[in-house]
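According to our numbering, the sequence shown holds residues 11 to 97 in order. Read the structure below first, then the notes.
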Amino acid sequence: MRSFESHGSKFLADVHYYFDKAAQFTNLDEGLLTQIKVSNSIYKMRFPVKIGDRIEVIEGIRVQHSHHKSPTKGGIRFAETVDEDEV
Numbered sequence: 011m012r013s014f015e016s017h018g019s020k021f022l023a024d025v026h027y028y029f030d031k032a033a034q035f036t037n038l039d040e041g042l043l044t045q046i047k048v049s050n051s052i053y054k055m056r057f058p059v060k061i062g063d064r065i066e067v068i069e070g071i072r073v074q075h076s077h078h079k080s081p082t083k084g085g086i087r088f089a090e091t092v093d094e095d096e097v
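The following block contains the structure:
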């Protein structure tokens with residue numbers, strides 16, 4: 011079994027690999043599969059958080075997937091090591 015604790019583009023490559031394998035067993039149009047596979051929106055935000063007597067700026071990333079069906083599937087992550095490919 012493969013671990014999904016990998017970071018960055020390796021995680022995204024794993025997701026695309028399994029998506030492509032599963033897509034072979036559907037009768038969906040290639041254009042629809044492409045629409046489902048890619049993320050539709052990426053939002054980056056920065057906001058201040060008071061920690062003790064200092065203020066630290068935290069960056070968050072939200073990626074929305076699958077606009078073909080609402081509500082959208084997506085995720086939000088707050089971690090120093092996270093990037094768009096992992097979300």
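Glycine included, every Cβ here is placed at the ideal spot set by N, Cα and C. Given the structure is predicted, the values throughout are model-derived calculations rather than measurements.
Coil, strand or helix - residue i by DSSP
{"i": "residue 45", "result": "helix"}
{"i": "residue 35", "result": "coil"}
{"i": "residue 60", "result": "strand"}
Own chain residues within Cβ distance below 6 Å of residue i, not counting five before or after
{"i": "residue 65", "result": "58"}
{"i": "residue 16", "result": "Because the pLDDT of residue 16 is 42, which lies under 50, any placement of that residue in the model is unreliable, and the question is left without a value."}
{"i": "residue 47", "result": "29"}
First through last residue of the beta strand (DSSP E) which encompasses residue i
{"i": "residue 70", "result": "64-75"}
Residue from the options with nearest C-alpha to residue i
{"i": "residue 67", "options": "56, 47, 73, 30", "result": "56"}
{"i": "residue 51", "options": "74, 36, 20", "result": "74"}
{"i": "residue 69", "options": "40, 35, 53", "result": "53"}
Sequence-distant residues of its chain with Cβ nearer than 7 Å to residue i (five each side left out)
{"i": "residue 43", "result": "33"}
Per DSSP, the bridge partner or partners of residue i
{"i": "residue 5", "result": "Since the first residue shown for the chain is 11 and the last is 97, residue 5 is missing from the structure and cannot be characterised."}
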